[in-house]
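Chemist: Below you'll find the structure I mean.
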Amino acid sequence: MLCRYDCGSPEHQITRRSLLAGLAGGAMGTFGISRFAVPAVAEELKSAQKRVLIIFLAGGSSQLETWDPKPNTDTGGPFRAIPTSVPGVHISELLPYSAKQMHRMAIVRGINTAEDDHGQGAYIMETGRRPDNVTRFPALGSVMSKFVGPADSPLPGYIHIQPGGAGYNKQDSAFLGPKFASVSLGDGNPPPNVVRPESLTESADRMRNMLRQRANERFAARRRTAETEAYSYSYEQALQLMERREVFDVSKESPQDLERYGTHDFGRHCLLARRLLENGVTCVKVTHSNYDTHWENFDFHIEQLGEFDRPFASLIGDLADRGLLDSTLVVVMAEFGRTPRINAGLGRDHWSRAWSVALAGCGIQHGAVVGKTNPNGTQVTDREVHGGHLFHTYFRALGLDSKQKYHVGGQPVPVADQTVGPIEELLA
Amino acid sequence: MPDRFWISSCAGAPPSLACSLVLLFSWSTAAQEPNRPLHELIDEHVSAPWKTNGTTPAALADDAEFLRRIYLDLTGSVPSTAEARTFLDQPAPDQRTALIDKLLASPEFARHMSRVFDVTLMERRPDKHVPANEWREFLRIAFAEKKPWDQLVREILSSDGADPKTRAAAKFFLDRDAEPTVLTKDLTRMFLGMNYQCAQCHDHPLVSDYAQEHYYGIYAFVSRSYLFTDKKNKNLVSLAEKADGDVKFKSVFDKTKTEHATGPRILAGPPIAEPKFDKGQEYAVAPADGVKPVPKFSRRAQLASLLAVPTNTPFNRNIANRLWAHMMGRGLVQPLDLDNSDNPPSHPELIELLASQFVAMKYDVRALLRELALSQTYQRASWLPETAGELPPERFAVALIKPLSPEQLAWSMMQATGVTDSACAALADKCTEQTLHDRLAGNVNEFVATFAGAPGEPDVRFQASLDQALFLSNGGLVRGWLVPGTGNLADRLVKLFNAEQFDAVADELYFSVLTRRATPDECAEIAEYLKPRAADRAVAIQELIWALLTSSEFRFNH
Chain A
1 MLCRYDCGSP
11 EHQITRRSLL
21 AGLAGGAMGT
31 FGISRFAVPA
41 VAEELKSAQK
51 RVLIIFLAGG
61 SSQLETWDPK
71 PNTDTGGPFR
81 AIPTSVPGVH
91 ISELLPYSAK
101 QMHRMAIVRG
111 INTAEDDHGQ
121 GAYIMETGRR
131 PDNVTRFPAL
141 GSVMSKFVGP
151 ADSPLPGYIH
161 IQPGGAGYNK
171 QDSAFLGPKF
181 ASVSLGDGNP
191 PPNVVRPESL
201 TESADRMRNM
211 LRQRANERFA
221 ARRRTAETEA
231 YSYSYEQALQ
241 LMERREVFDV
251 SKESPQDLER
261 YGTHDFGRHC
271 LLARRLLENG
281 VTCVKVTHSN
291 YDTHWENFDF
301 HIEQLGEFDR
311 PFASLIGDLA
321 DRGLLDSTLV
331 VVMAEFGRTP
341 RINAGLGRDH
351 WSRAWSVALA
361 GCGIQHGAVV
371 GKTNPNGTQV
381 TDREVHGGHL
391 FHTYFRALGL
401 DSKQKYHVGG
411 QPVPVADQTV
421 GPIEELLA
Chain B
429 MPDRFWISSC
439 AGAPPSLACS
449 LVLLFSWSTA
459 AQEPNRPLHE
469 LIDEHVSAPW
479 KTNGTTPAAL
489 ADDAEFLRRI
499 YLDLTGSVPS
509 TAEARTFLDQ
519 PAPDQRTALI
529 DKLLASPEFA
539 RHMSRVFDVT
549 LMERRPDKHV
559 PANEWREFLR
569 IAFAEKKPWD
579 QLVREILSSD
589 GADPKTRAAA
599 KFFLDRDAEP
609 TVLTKDLTRM
619 FLGMNYQCAQ
629 CHDHPLVSDY
639 AQEHYYGIYA
649 FVSRSYLFTD
659 KKNKNLVSLA
669 EKADGDVKFK
679 SVFDKTKTEH
689 ATGPRILAGP
699 PIAEPKFDKG
709 QEYAVAPADG
719 VKPVPKFSRR
729 AQLASLLAVP
739 TNTPFNRNIA
749 NRLWAHMMGR
759 GLVQPLDLDN
769 SDNPPSHPEL
779 IELLASQFVA
789 MKYDVRALLR
799 ELALSQTYQR
809 ASWLPETAGE
819 LPPERFAVAL
829 IKPLSPEQLA
839 WSMMQATGVT
849 DSACAALADK
859 CTEQTLHDRL
869 AGNVNEFVAT
879 FAGAPGEPDV
889 RFQASLDQAL
899 FLSNGGLVRG
909 WLVPGTGNLA
919 DRLVKLFNAE
929 QFDAVADELY
939 FSVLTRRATP
949 DECAEIAEYL
959 KPRAADRAVA
969 IQELIWALLT
979 SSEFRFNH
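Respectively, the protein sequence lines represent chains A and B. For the first sequence, the working numbering assigns the number 1 to the initial residue and increments by one for each residue that follows. For the second sequence, the working numbering assigns the number 429 to the initial residue and increments by one for each residue that follows.
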């Protein structure tokens, strides 16, 4: 049995869908679907599918140089706060483009994750749980590719765009299984094995798949199970993905967009994220490195945020213009913030006691600012929350019950930390 | 039987015949006919409810279905083409029993068991302190030498990793960093068939049998243990133990916050008796800088002799259930680590019978697998007549379909495509199970990376994913195996194609890949497919092999 839990039951739908495909037209019918389905997908996307975009500022971006500036205080550093498109809400002057998108965004300023280690902090933010040695929880992207991903998409549900190597990361999906693992697109290259090898012609590939399907039909005539169906269907998905491999190719975007997003890695990665979301990928995570500014915090933030600001704001604006923002939850997070105290090297160190996260899109109250820190940003004074609250909030923002449970090996496991709940003020 | 008796008469003793016999004869009526072979009793238990619930079972599997299944379950690979031909073309009387015995005695069996139990016990965690190859070799030798299961488990639970001779056995503890919460969870799951994780903070909310004090009873055996790093050799990490540290706990559900305490105990059993020492006298080797302390009384040392012994019924039920699931595709208790009265076994008397018989067999894994393999329950076909409708899997009236593990898939693909035979030919008179394994094992890594679940998660759920299909479709490893090369499958098929022997192509292809004869329809399909392909024969042959390698019939054990 593949799926016994209340999960929107993608596996059941797969089974039904592939059964129909198998019965209706056999091999050729299935090849047909992939060609005609492409334009239809985009339309359907706008109406029904929900998506998640995570921007991860690796190393720990400074809340004081981004979403919670404290100018003219002992901790505030050299930068000003500037007004945004939401009256009364100010953010750092290092984010002028983002400031103009604030009416589509929300800020949580009262985060206290109480964990200053990079790995553990990232785990808390990605899973909504404190690490406990015993159970590893799935990451947000894997979770949502399971809960809101379309059952029969040929595209991977969770794509991670980052500098470096490409591959599959099963840690992300933990007990949800390899199907919901993240696929890393190192530097925006397609995932491994998506491109048909030169020695294999398209017609040879079609022929051998037809043979495979005929063999499967004979086998299934006597032994049809959800597992054999899912296995057979995975090849149809693979063929469709191979046909659509251009979704990974950001160079197909217009020169104007390439220019507007910027020619640096993060710019291209944001544009690729837009392309993937438009094409129906459920969860995209873009990692921007590196904010671990123990020395020269201010120079580094000028540089890093100088890369971050414009493509990020362009992405928010473009998603809105295309009617996709209302169905796309956007989260800008890091593993923690940075110390209000400025150290001897003009750096800021790890600081998880009072920092900020920005959100936008699906289910989020536009322009909301929730939580406060004291005047010099050393502690949360109002509406203190942690990764658990945020995880509940993501579920609710996407229209999902955050009190539901997984069933792992027959045991119920809450999808989010059940000692806390969502940040209701943040929800639209 | 009073609790005190339970602890005093059998605890710490090697598996004693007296204990086994008491268990053997106290459970079920079927067990009271000692002259009847176990496999007959199994079939009797399984079929008993069928009359009342109107079950019509599947027929017995034909020789081809049996052959593929038994090879996969006992050796981890499909048979060679030659073995398949001999078994199917020249059937001998009672050849199924002879084959079961041959495979159980083979070196491939020990190798396969070492992989199965490695995955069961370590769940593909990345190596930390003991290299996986040393641990698997320890397991392989244990199965090759017919080490009884209880003894194997006692060795795993007893080794502190300091002595190179027994270090590999300590992987279970060392690679979990001797972390007591992790150990408690995995000791209860893997050796007792009970997942006590939910009882760490309170009595299990859904399972009335799983009490928080049971959790902390197991926890207390290991909570004083920790990793000790040798000062001279930083790589030599072994287990050390303190002489103090008592286990206290309270339930998060308890508003009065009452604190409880427990000494080491196996579930509902009584806490062990612990000697008292005067202050300062607790250690045989006192803790000091760079010195590994040795307490006069080791709690951890008690664990093996209390847990892995015949009197510990959950220990016996767990392994009987796991071996059953290995062969039958699902446990009598399912999930395998949720044995409790709220989740009763599908066949309560049968699990007790298997557990007690396994004790009587002196925990001989081969002996129990042999009886399971000989049963009609195991030897049923995996398909039902169309009129039969769907049958619940827990009736075991039709053989269940099992996905191949990543290792089974890799070794079977190598066997089917001729990689294995070619490697053996290249090794010539040095070709043994060991040398062949060493030469080809590197190919298995990519399969594990692609088909296994996340490290630290049990390998129990089948998921077909896109990347797996892409790996088998476009990946270089498998594509390389399809290219004709001396004596491999593609080479043999191209030669037959050149001679226009289309039936022979079908025959050789189906024997090699699917361990059966091609049907007349399949022969016709192949002839029809190949006749127009005289211009690109090798390509056409590769398409044929690939199509069967990636078919459901190959991907599953049925």
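Note that beta-carbon positions come from the ideal geometry of N, C-alpha and C, so glycine has one too. Note that the structure is predicted; figures quoted are calculated from it, not measured.
Would G913 (chain B) pass as an interface residue toward chain A - the criterion being a Cβ-Cβ separation below 8 angstroms?
Modeler: With 8 angstroms as the cut-off, G913 (chain B) does not count as an interface residue toward chain A.
Chemist: Any beta carbon from chain B within less than 8 angstroms of K403 (chain A)'s own beta carbon?
Modeler: Closer than 8 angstroms: no.
Chemist: Helix or strand or just coil, what does DSSP make of H288 (chain A)?
Modeler: It is a strand residue.
Chemist: What do you reckon, are the CB atoms on S142 (chain A) and L176 (chain A) nearer than 8 angstroms?
Modeler: Yes, these two residues count as a Cβ contact at 8 angstroms.
Chemist: Mark K959 (chain B) as exposed unless 16 or more other C-beta atoms lie within 10 angstroms of its C-beta, in which case mark it buried.
Modeler: Under this definition K959 (chain B) is an exposed residue.
Chemist: From the DSSP output, in three-state form, read off C270 (chain A) for me.
Modeler: The answer is helix: DSSP assigns C270 (chain A) an H, G or I state.
Chemist: Using a C-beta cutoff of 8 angstroms, does V650 (chain B) count as contacting chain A?
Modeler: Judged by the 8 angstroms Cβ criterion, V650 (chain B) is not in contact with chain A.
Chemist: With DSSP as the reference, please indicate the residues paired to R109 (chain A) in a beta bridge.
Modeler: The partner list for R109 (chain A) (beta bridge, DSSP) is empty, contrary to what the question assumes.
Chemist: How is the beta strand (DSSP E) around H407 (chain A) delimited, first residue to last?
Modeler: First-last of the beta strand (DSSP E) with H407 (chain A): 405–408.
Chemist: Quick one: what does DSSP say F890 (chain B) is sitting in, helix, strand or coil?
Modeler: If DSSP states are grouped into helix, strand and coil, F890 (chain B) belongs with coil.
Chemist: Which residues in the same chain have their Cβ closer than 6 angstroms to the Cβ of E971 (chain B), if we skip the five residues on either side of it in sequence?
Modeler: No residues qualify anywhere along the chain.
Chemist: The alpha helix (DSSP H) that contains T548 (chain B), what's its start and end?
Modeler: Segment 535–550, the alpha helix (DSSP H) holding T548 (chain B).
Chemist: Out of B:A975, B:F984, B:H986, B:K704, which has the shortest C-alpha to C-alpha gap to Y235 (chain A)?
Modeler: Ranking B:A975, B:F984, B:H986, B:K704 by Cα distance to Y235 (chain A) puts B:A975 first.
Chemist: Give a yes or no on whether the minimum CB-CB distance between G884 (chain B) and chain A is below 8 angstroms.
Modeler: Yes - at least one Cβ of chain A is within 8 angstroms of the one on G884 (chain B).
Chemist: The segment 718–740 of chain B: which residues have C-beta closer than 7 angstroms to a C-beta of chain A, in chain order?
Modeler: Flagged: no residues at all.
Chemist: Less than 8 angstroms between the CB atoms is what I'm expecting for H467 (chain B) and S803 (chain B), so what's the real figure, rounded?
Modeler: That belief holds up - the Cβ atoms of H467 (chain B) and S803 (chain B) are roughly 4 angstroms apart, short of 8 angstroms.
Chemist: Taking Cβ-Cβ distances shorter than 7 angstroms, what residues in chain A pair up with C629 (chain B)?
Modeler: Result: empty, since nearest Cβ-Cβ is about 11 angstroms, beyond 7 angstroms.
Chemist: Is the segment 573–584 of chain B touching the segment 729–746 of chain B, taking contact as three or more C-beta pairs under 8 angstroms?
Modeler: Result yes; three or more Cβ-Cβ pairs closer than 8 angstroms.
Chemist: Counting only the same chain and skipping the five closest in sequence on each side, list residues whose C-beta sits under 6 angstroms from that of C859 (chain B).
Modeler: Here the set comprises C852.
Chemist: For the segment 236–255 of chain A against the segment 172–191 of chain A, are there 3 or more C-beta pairs whose distance is under 8 angstroms?
Modeler: Output reads yes: the segment 172–191 of chain A touches the segment 236–255 of chain A.
Chemist: State yes or no: is the beta carbon of D895 (chain B) nearer than 8 angstroms to at least one beta carbon in chain A?
Modeler: At least one chain A Cβ lies under 8 angstroms of D895 (chain B).
Chemist: How would you call I124 (chain A), buried or exposed, if buried means at least 16 neighbouring beta carbons within 10 angstroms?
Modeler: So I124 (chain A) ends up on the buried side.
Chemist: Would D767 (chain B) be called buried (16 or more neighbouring beta carbons within 10 Å of its own) or exposed?
Modeler: It counts as buried.
Chemist: If you drop the 5 nearest sequence neighbours on each side, which residues of the same chain put their C-beta closer than 6 angstroms to that of K170 (chain A)?
Modeler: Closer than 6 angstroms at the Cβ level, and outside the excluded window around K170 (chain A), lie P178, A181.
Chemist: Do L751 (chain B) and V793 (chain B) have their C-beta atoms within less than 8 angstroms of each other?
Modeler: Going by C-beta atoms, L751 (chain B) is nearer than 8 angstroms to V793 (chain B).
Chemist: On the DSSP bridge assignment, give the partners of I159 (chain A) in chain order.
Modeler: Answer is A:V183, A:V284, bridged to I159 (chain A).
Chemist: Within 10 angstroms of its Cβ, does F137 (chain A) collect 16 or more other Cβ (buried), or is it exposed?
Modeler: Burial call: buried.
Chemist: Would you mind sorting I973 (chain B) into buried or exposed? The rule is 16 or more other CB atoms within 10 Å of its CB.
Modeler: With 16 or more Cβ atoms within 10 Å of its Cβ, I973 (chain B) is classed as buried.
Chemist: Just how far apart, CA to CA, sit H301 (chain A) and R341 (chain A)?
Modeler: H301 (chain A) and R341 (chain A): Cα-Cα distance of roughly 16 angstroms.
Chemist: Using 8 angstroms as the limit for Cβ to Cβ distance, is P763 (chain B) near chain A?
Modeler: Interface residue, yes.
Chemist: Take D919 (chain B) and list the residues in its own chain whose beta-carbon comes closer than 7 angstroms to its own, dropping the five residues that flank it on each side.
Modeler: Excluding residues within five positions, the ones whose Cβ falls inside 7 angstroms are P912, G913.
Chemist: Between the C-alpha atoms of L527 (chain B) and T514 (chain B), what's the straight-line distance to the nearest angstrom?
Modeler: Looking at the two C-alpha atoms, the distance is approximately 12 angstroms.
Chemist: On the DSSP letters alone, give me the boundaries of the beta strand (DSSP E) that H688 (chain B) sits inside.
Modeler: Residues 688–690.
Chemist: Enumerate, from N- to C-terminal direction, the unbroken beta strand (DSSP E) stretches of 3 or more residues contained entirely within the segment 165–225 of chain A.
Modeler: Those beta strand (DSSP E) runs which fall completely within the segment 165–225 of chain A and span 3+ residues are 167–169, 182–186.
Chemist: Just to confirm, is the Cβ distance from V369 (chain A) to I55 (chain A) under 8 angstroms?
Modeler: Taking 8 angstroms as the Cβ cut-off, V369 (chain A) and I55 (chain A) do not qualify as a contacting pair.
Chemist: Per DSSP, what kind of secondary structure is S651 (chain B) in: helix, strand or coil?
Modeler: Residue state, collapsed to three classes: coil.
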